[in-house]
Amino acid sequence: MSKVIDAIKFGVLPPDEIRRLSVVEINTSDTYDEDGGSIAGGLMDQRLGTLEPRQRCRTCGNISINCPGHYGHIELAVPVIHVEFAKHIYKLLSTTCRSCGRVLLTPEDNEIYRERRDEENKLFGKVSVETSKEIVKSAKKYKKFKDCPVCGMTQSNVKFAKPTSFLEIEEEEFDSDDESLIEEISRRLTPNMIREWFERIPEEDLKLLDFDPQVTRPEWKILQVIPGPAV
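When we follow numbering that gives the first Met the number 0, the leftmost residue of the sequence shown carries the number 0, and every step to the right adds one.
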(Lines of atoms letter the chains of each structure in order from A and count residues from 1; the text may use other names and numbers.)
(Lines give C-alpha, C1' and ligand atoms only; values in the text may rest on other atoms or scores of the structure.)
Protein backbone atom coordinates (compact mmCIF):
# COMPACT_ATOMS: atom_id res chain seq x y z
CA MET A 1 0.00 0.00 0.00
CA SER A 2 1.43 3.37 -1.02
CA LYS A 3 1.70 6.22 1.44
CA VAL A 4 1.35 9.94 0.85
CA ILE A 5 3.52 12.50 2.64
CA ASP A 6 1.17 14.81 4.51
CA ALA A 7 3.67 17.44 5.68
CA ILE A 8 7.34 18.17 6.22
CA LYS A 9 8.66 19.95 9.29
CA PHE A 10 12.02 21.69 9.30
CA GLY A 11 13.91 22.20 12.53
CA VAL A 12 17.37 22.55 14.05
CA LEU A 13 19.26 19.45 15.15
CA PRO A 14 20.23 19.42 18.84
CA PRO A 15 23.98 19.11 19.59
CA ASP A 16 23.59 15.59 21.00
CA GLU A 17 21.82 14.44 17.82
CA ILE A 18 24.58 15.86 15.61
CA ARG A 19 27.14 13.91 17.65
CA ARG A 20 25.00 10.75 17.54
CA LEU A 21 24.66 10.86 13.74
CA SER A 22 28.38 11.51 13.29
CA VAL A 23 30.84 8.74 12.40
CA VAL A 24 33.96 10.67 13.39
CA GLU A 25 35.02 13.92 15.05
CA ILE A 26 36.87 16.15 12.60
CA ASN A 27 39.70 17.86 14.47
CA THR A 28 42.03 19.01 11.71
CA SER A 29 41.58 20.87 8.44
CA ASP A 30 44.27 18.74 6.78
CA THR A 31 43.22 16.23 4.13
CA TYR A 32 46.14 14.06 2.94
CA ASP A 33 49.54 13.16 4.36
CA GLU A 34 52.83 13.24 2.45
CA ASP A 35 52.24 9.75 1.06
CA GLY A 36 48.81 10.68 -0.34
CA GLY A 37 46.82 8.84 2.31
CA SER A 38 43.82 10.45 3.98
CA ILE A 39 44.49 11.80 7.48
CA ALA A 40 42.45 10.33 10.33
CA GLY A 41 40.22 13.01 11.84
CA GLY A 42 40.69 15.16 8.74
CA LEU A 43 38.26 16.35 6.10
CA MET A 44 38.94 13.28 3.93
CA ASP A 45 38.89 10.68 6.72
CA GLN A 46 37.97 7.32 5.13
CA ARG A 47 35.07 6.92 7.59
CA LEU A 48 33.35 9.89 5.88
CA GLY A 49 33.17 8.04 2.56
CA THR A 50 35.44 7.35 -0.38
CA LEU A 51 36.18 8.90 -3.78
CA GLU A 52 38.58 6.25 -5.09
CA PRO A 53 36.84 3.73 -7.43
CA ARG A 54 38.32 0.60 -5.81
CA GLN A 55 38.57 1.83 -2.24
CA ARG A 56 35.95 0.75 0.29
CA CYS A 57 34.40 3.10 2.82
CA ARG A 58 35.51 2.30 6.38
CA THR A 59 31.98 2.96 7.69
CA CYS A 60 29.60 1.13 5.32
CA GLY A 61 32.10 -1.06 3.45
CA ASN A 62 30.84 0.01 0.00
CA ILE A 63 32.85 1.30 -2.94
CA SER A 64 32.41 4.92 -4.02
CA ILE A 65 29.51 4.31 -6.45
CA ASN A 66 27.39 2.76 -3.67
CA CYS A 67 28.60 4.76 -0.67
CA PRO A 68 26.26 7.67 0.19
CA GLY A 69 28.89 9.40 2.31
CA HIS A 70 28.69 9.85 6.08
CA TYR A 71 28.66 12.98 8.20
CA GLY A 72 31.22 13.76 10.83
CA HIS A 73 31.09 16.56 13.40
CA ILE A 74 33.24 19.52 14.41
CA GLU A 75 33.35 20.65 18.05
CA LEU A 76 33.62 24.44 18.25
CA ALA A 77 36.16 25.89 20.70
CA VAL A 78 33.53 28.37 21.91
CA PRO A 79 29.79 28.63 21.15
CA VAL A 80 28.79 30.98 18.32
CA ILE A 81 25.48 32.54 17.28
CA HIS A 82 24.04 31.31 13.99
CA VAL A 83 23.52 34.50 11.97
CA GLU A 84 20.35 33.09 10.36
CA PHE A 85 18.64 33.01 13.77
CA ALA A 86 19.77 36.39 15.13
CA LYS A 87 16.27 37.90 14.94
CA HIS A 88 14.71 34.87 16.66
CA ILE A 89 17.30 35.16 19.43
CA TYR A 90 16.59 38.88 19.86
CA LYS A 91 12.86 38.18 20.14
CA LEU A 92 13.45 35.77 23.03
CA LEU A 93 15.96 38.04 24.78
CA SER A 94 13.41 40.86 24.58
CA THR A 95 10.46 38.91 25.96
CA THR A 96 11.83 36.54 28.63
CA CYS A 97 13.36 36.98 32.07
CA ARG A 98 17.13 36.63 32.39
CA SER A 99 16.75 35.02 35.82
CA CYS A 100 13.82 32.57 35.63
CA GLY A 101 13.43 32.28 31.84
CA ARG A 102 9.67 32.88 31.95
CA VAL A 103 7.81 35.07 29.45
CA LEU A 104 7.42 38.56 30.92
CA LEU A 105 3.67 38.38 31.46
CA THR A 106 1.61 38.36 34.63
CA PRO A 107 0.10 34.94 35.44
CA GLU A 108 -3.31 36.36 34.53
CA ASP A 109 -2.17 37.66 31.12
CA ASN A 110 -0.27 34.43 30.49
CA GLU A 111 -3.44 32.40 31.00
CA ILE A 112 -5.53 34.76 28.83
CA TYR A 113 -3.10 34.58 25.91
CA ARG A 114 -2.70 30.82 26.29
CA GLU A 115 -6.46 30.31 26.05
CA ARG A 116 -6.69 32.64 23.04
CA ARG A 117 -3.90 30.75 21.24
CA ASP A 118 -5.54 27.39 21.96
CA GLU A 119 -8.87 28.66 20.63
CA GLU A 120 -7.33 30.07 17.44
CA ASN A 121 -5.39 26.85 16.87
CA LYS A 122 -8.57 24.84 17.26
CA LEU A 123 -10.62 27.04 14.90
CA PHE A 124 -8.05 28.01 12.26
CA GLY A 125 -5.16 25.58 12.71
CA LYS A 126 -2.77 28.41 13.55
CA VAL A 127 -2.38 31.49 15.74
CA SER A 128 -3.21 34.87 14.21
CA VAL A 129 -0.41 37.35 13.52
CA GLU A 130 -2.28 39.93 15.62
CA THR A 131 -2.26 37.69 18.71
CA SER A 132 1.44 36.86 18.30
CA LYS A 133 2.36 40.53 17.97
CA GLU A 134 0.24 41.46 20.98
CA ILE A 135 1.98 38.87 23.18
CA VAL A 136 5.43 40.12 22.17
CA LYS A 137 4.44 43.76 22.67
CA SER A 138 3.04 43.06 26.16
CA ALA A 139 6.16 41.14 27.23
CA LYS A 140 8.59 43.76 25.88
CA LYS A 141 7.14 46.42 28.19
CA TYR A 142 8.86 44.80 31.17
CA LYS A 143 12.30 45.13 29.56
CA LYS A 144 12.32 48.87 30.28
CA PHE A 145 13.92 48.33 33.70
CA LYS A 146 10.84 46.82 35.30
CA ASP A 147 10.61 43.78 37.56
CA CYS A 148 9.76 40.32 36.22
CA PRO A 149 6.08 39.64 37.04
CA VAL A 150 6.98 36.03 37.87
CA CYS A 151 10.20 36.09 39.96
CA GLY A 152 10.56 39.82 40.69
CA MET A 153 14.03 40.19 39.13
CA THR A 154 14.71 43.69 37.75
CA GLN A 155 14.96 43.49 33.96
CA SER A 156 17.57 45.01 31.68
CA ASN A 157 16.87 46.32 28.22
CA VAL A 158 18.50 44.36 25.38
CA LYS A 159 19.80 45.93 22.18
CA PHE A 160 20.64 44.11 18.96
CA ALA A 161 23.90 45.19 17.29
CA LYS A 162 24.01 43.51 13.87
CA PRO A 163 25.02 41.01 12.73
CA THR A 164 25.13 38.82 15.88
CA SER A 165 25.95 40.98 18.92
CA PHE A 166 23.56 41.65 21.78
CA LEU A 167 24.00 44.26 24.51
CA GLU A 168 22.33 44.27 27.91
CA ILE A 169 21.62 47.82 29.10
CA GLU A 170 21.46 48.36 32.87
CA GLU A 171 20.72 51.49 34.87
CA GLU A 172 23.09 52.47 37.69
CA GLU A 173 22.31 55.25 40.13
CA PHE A 174 25.07 57.37 41.68
CA ASP A 175 25.37 60.67 43.59
CA SER A 176 27.02 63.72 42.05
CA ASP A 177 27.07 67.16 43.69
CA ASP A 178 24.25 66.30 46.08
CA GLU A 179 21.97 64.99 43.36
CA SER A 180 21.20 61.50 42.14
CA LEU A 181 22.06 60.67 38.55
CA ILE A 182 21.24 57.57 36.55
CA GLU A 183 23.77 56.20 34.10
CA GLU A 184 23.16 53.48 31.53
CA ILE A 185 25.81 50.76 31.45
CA SER A 186 26.01 48.31 28.56
CA ARG A 187 27.41 44.80 28.70
CA ARG A 188 27.82 42.33 25.86
CA LEU A 189 25.87 39.10 26.14
CA THR A 190 28.18 36.26 25.11
CA PRO A 191 26.84 33.20 23.25
CA ASN A 192 27.43 31.13 26.41
CA MET A 193 25.35 33.53 28.50
CA ILE A 194 22.54 33.48 25.93
CA ARG A 195 22.58 29.67 25.72
CA GLU A 196 22.27 29.33 29.51
CA TRP A 197 19.45 31.92 29.47
CA PHE A 198 17.50 29.99 26.82
CA GLU A 199 17.93 26.67 28.65
CA ARG A 200 15.79 28.10 31.46
CA ILE A 201 12.78 28.89 29.23
CA PRO A 202 10.01 26.30 29.83
CA GLU A 203 8.33 24.61 26.86
CA GLU A 204 4.90 26.14 27.54
CA ASP A 205 6.35 29.66 27.36
CA LEU A 206 8.14 28.85 24.10
CA LYS A 207 4.83 27.79 22.57
CA LEU A 208 3.35 31.11 23.68
CA LEU A 209 6.05 32.86 21.58
CA ASP A 210 5.44 30.72 18.44
CA PHE A 211 8.31 28.29 19.02
CA ASP A 212 7.81 24.53 18.76
CA PRO A 213 10.14 22.99 21.39
CA GLN A 214 9.59 19.51 19.93
CA VAL A 215 11.23 20.66 16.69
CA THR A 216 13.67 23.33 17.84
CA ARG A 217 14.81 24.49 21.26
CA PRO A 218 16.21 28.07 21.21
CA GLU A 219 19.55 27.11 22.79
CA TRP A 220 20.22 24.88 19.76
CA LYS A 221 20.55 28.08 17.70
CA ILE A 222 23.71 28.84 19.66
CA LEU A 223 26.11 26.51 17.86
CA GLN A 224 28.39 24.29 19.94
CA VAL A 225 28.96 21.57 17.36
CA ILE A 226 28.36 21.53 13.60
CA PRO A 227 28.05 18.67 11.08
CA GLY A 228 31.20 17.88 9.13
CA PRO A 229 30.72 17.33 5.37
CA ALA A 230 30.44 13.80 4.04
CA VAL A 231 32.85 12.71 1.31
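Each residue gets a CB set at the ideal place from its N, CA and C atoms; glycine is no exception.
Item	Value
How should residue 138 be labelled, buried or exposed, when 16 other C-beta atoms within 10 angstroms of its C-beta is the threshold for buried?	buried
Let me confirm a value: residue 122 is counted as buried when at least 16 other C-beta atoms fall within 10 Å, else exposed. Which label applies?	exposed
Taking the beta strand (DSSP E) that residue 160 falls in, what are its first and last residues?	156–160
Please state whether DSSP places residue 141 in a helix, a strand or coil.	helix
Could you give the first and the last residue of the continuous beta strand (DSSP E) run that contains residue 74?	71–80
Do residue 112 and residue 134 come within 8 Å of each other at the CB atom, strictly closer than that value?	yes
Between the C-alpha atoms of residue 207 and residue 191, what's the straight-line distance to the nearest angstrom?	24 Å
Please classify residue 75 as buried or exposed, where buried requires at least 16 other C-beta atoms within 10 Å of its C-beta.	exposed
Please state whether the Cβ-Cβ distance between residue 102 and residue 116 is less than 8 Å.	no
For residue 230, which residues of its own chain have a beta-carbon under 7 Å away from its beta-carbon, when the five flanking residues on both sides are left out?	43, 47, 48, 49, 50 and 68
So, under 8 Å CB-CB, residue 104 and residue 200 are touching, yes? Tell me the CB distance rounded to an integer number of Å.	With 8 Å as the limit, residue 104 and residue 200 do not qualify as a contact, their Cβ atoms being about 13 Å apart.
What are the boundary residues of the beta strand (DSSP E) that residue 222 is part of?	221–227
Leaving out five residues on either side along the sequence, give the residues of the same chain with a beta carbon under 6 Å from the beta carbon of residue 131.	209
Checking 8 Å against the spacing of the C-beta atoms, do residue 14 and residue 224 come in under that value?	yes
Skipping 5 residues on each side, what residues in its chain have a beta carbon closer than 7 Å to that of residue 61?	55
Can you check which of these residues, 93, 31, 128 and 20, is closest to residue 197 by C-alpha distance?	93
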